[in-house]
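No gaps in the numbering here: position 1 of the sequence shown is 193 in our numbering, and each next residue is one more.
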Amino acid sequence: MTKDAFSDWTKVIKTTTKPDKESGAINPAIELSSTFEQRDFDHFGHWDYARSGNPTRDVLEESIAELEHGTRGFAFATGMAAISTALLTLNQGDHVILTKNVYGGTFRLVEEVLTKYGISHTFVDLGNPADLEEAFQDNTKVVYVETPSNPTLQVTDIRLVAQIAHDHGALVFADNTFMTPVLQKPLDLGADLVVHSATKFLAGHSDILAGLVVTKGEDLGKQIYFLQNAMGATLGVSDSWLLMRGIKTLAVRMEKESQNALKLAQWLDQQELVTKVNYPGLEADAGYAVQSSQAKSGGAVLSFDIGSEDNVRQLVAELKIPIFSVSLGAVESIISYPPKMSHAEMNAEERHDRGITDGLVRYSVGLEDIDDLKADLHQAFLKIKE
């Protein structure tokens, strides 16, 4: 049986557990060295300076590449460092198409940073093929997909977008943060590059910042490595080790958290105070069919609308279990308010146009007992109605 035949449940263990040939230690060593001795004046070894490569980080990068079915993986200091590096493969005069409902940090990057370097962009509803076709320009080089999107959980058909983009000679970059490779593999669906905020589900414990990039082709991999080395936003050795430890439990965490999310979404859908639930694991959700065709579940993040900012304020004050925070993807449930957190960069018109209403709450469902999570929301809803 070859390692390629292993399931992801096995791969998350095997790719992060590398016994040392001399000592027998089953976990990779934390190589706390910024530089490496070169024993021959004319022939340097594989490692010379830790920005360019480190044995501990190498194991992590090989792990994520294998899990995503890519050729090369790269570890960065943050998710935004990974996204920025991917988009800086574009050149002055290039154009990128992005999903309309993109993460606020990515929105800020393309709106306020890339434009300074002559890289233009267009936001498009990637669920509408006609709109995507119309958005292409002669200089369009990349279509950037985030599916499900943050925070409205809009689903994009990766296969269809990849087919259209490739017909126009453009590459497809996909943010796979919400799904992780154990639930969705964009490269298998036609994408050329995958990015992750590994701070979230891959690490899983709200204790590190990290970003990952995986490329399908060698040429794109060489470009990413050049930029990683040139700009130096690499992931530190200790955080690389902690991220590998998080990946070991990724499959079991994602399965349980996704089960909890589905049950919570079904319960929320029946509550009088809730005007809308966004979760692609619900059969009534507009993205359910596509999500079911390209992912193993709806994931562990949902969002719901309770009508107004005042209601959200009271909800946050009354809830006892979830942490009120800007992040997601941890063992603990986390609730956030996108208009003032992840998408604060957008004005009200931009947010509302993307479905990010004043009453929208994002809920990252953790490993707590599902009955406790429902009971906690129930008591908060009762207080709001008083």
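Positions of the beta carbon are idealized from the N, C-alpha and C atoms, including for glycine. Just so it is clear, the structure is predicted and the values come from calculations on it, not from any experiment.
Ranges of the beta strand (DSSP E) found wholly within the segment 205-269, counting only runs of at least 3 | List check, beta strand (DSSP E) in window: 264-268.
Can you check whether the CB of Gly490 is closer than 8 angstroms to the CB of Ala522?
-> Counting from one through the sequence shown, the residue named residue 522 turns up at place 330. Counting from one through the sequence shown, the residue named residue 490 turns up at place 298. No, they are not a contact pair.
Assuming Val429 and Leu224 form a contact by the criterion Cβ under 8 angstroms, report the distance between their Cβ atoms to the nearest whole angstrom.
-> One-based indexing of the sequence shown puts residue 429 at position 237. One-based indexing of the sequence shown puts residue 224 at position 32. Their Cβ separation, rounded to whole angstroms, is 6 angstroms, which keeps Val429 and Leu224 in contact under 8 angstroms.
Leaving out five residues before and five after Asp286 in sequence, what residues of the same chain have Cβ atoms less than 6 angstroms from its Cβ?
-> Sequence index remark: in the sequence shown, residue 286 carries index 94 (1-based). Only Ile311, Asn331 and Lys333 meet the Cβ criterion.
Assuming Leu435 and Ala390 make a contact with CB atoms under 8 angstroms, what is their CB distance in whole Å?
-> One-based indexing of the sequence shown puts residue 435 at position 243. One-based indexing of the sequence shown puts residue 390 at position 198. Between Ala390 and Leu435 the Cβ distance is about 6 angstroms, and since that is below 8 angstroms, they are a contact.
When the Cα of Val316 is compared with those of Glu560, Lys440 and Asp545, which residue comes out closest?
-> Locating residue 316 in the sequence shown gives position 124, counting from the first residue. Comparing Cα-Cα distances from Val316 to each of Glu560, Lys440 and Asp545, the minimum goes to Asp545.
Where does Ser450 fall in DSSP's three states?
-> Position 258 of the sequence shown holds residue 450. Of the three classes helix, strand and coil, the one that applies to Ser450 here is helix, per DSSP.
Taking Cβ positions, are Gly245 and Glu254 nearer each other than 8 angstroms?
-> Along the sequence shown, read from residue 1 onward, the residue named residue 245 stands at position 53. Along the sequence shown, read from residue 1 onward, the residue named residue 254 stands at position 62. For the 8 angstroms CB-CB criterion, Gly245 and Glu254 do not form a contact.
Delimiting residues of the alpha helix (DSSP H) encompassing Phe418 = Start at 1 with the first residue of the sequence shown, and residue 418 comes out as number 226. Counting along the chain, the alpha helix (DSSP H) containing Phe418 begins and ends at Glu410 to Met423.
Output the boundary residues of the beta strand (DSSP E) element that contains Gly403.
-> As a working mapping, residue 403 is identified with position 211 in the sequence shown. For Gly403, the enclosing beta strand (DSSP E) starts and ends at Gly403 to Thr407.
Bridge partner(s) assigned by DSSP for Leu158 | Absent from the model: residue 158. The displayed extent of the chain is 193 to 578, so no value can be given.
Just reading off the beta strand (DSSP E) that Lys468 is part of, what are its end residues?
-> Position 276 of the sequence shown holds residue 468. Unbroken beta strand (DSSP E) run through Lys468: Lys468 to Asn470.
Below 8 angstroms CB to CB, which residues in the same chain sit around Asn452 once its five sequence neighbours on both sides are set aside?
-> By 1-based counting over the sequence shown, the position of residue 452 is 260. Correct list, in chain order: Ala492, Val557, Gly558, Leu559, Glu560, Ile562 and Leu565.
Using CA coordinates, which residue listed in Asn342, Met371 and Gly499 is at the minimum distance from Glu464?
-> In the sequence shown, counting from the first residue as 1, residue 464 sits at position 272. It is Gly499.
Whose C-alpha, out of Phe496, Trp433 and Ser450, is nearest the C-alpha of Asp461?
-> As a position in the sequence shown, residue 461 is number 269, starting the count at 1. When only C-alpha atoms are compared, the closest one is Phe496.
Tell me, to the nearest whole angstrom, how far the beta carbon of Gly479 is from that of Pro340; I am working on the premise that it is less than 8 angstroms.
-> Against the sequence shown, residue 479 aligns to sequence position 287. Against the sequence shown, residue 340 aligns to sequence position 148. Going by Cβ atoms, the distance from Gly479 to Pro340 rounds to 7 angstroms, so yes, they are a contact pair.
For Lys577 and Lys377, the rounded distance between their alpha carbons = Here the question's residue 377 lines up with position 185 in the sequence shown. Here the question's residue 577 lines up with position 385 in the sequence shown. Straight-line Cα distance between these residues: approximately 42 angstroms.
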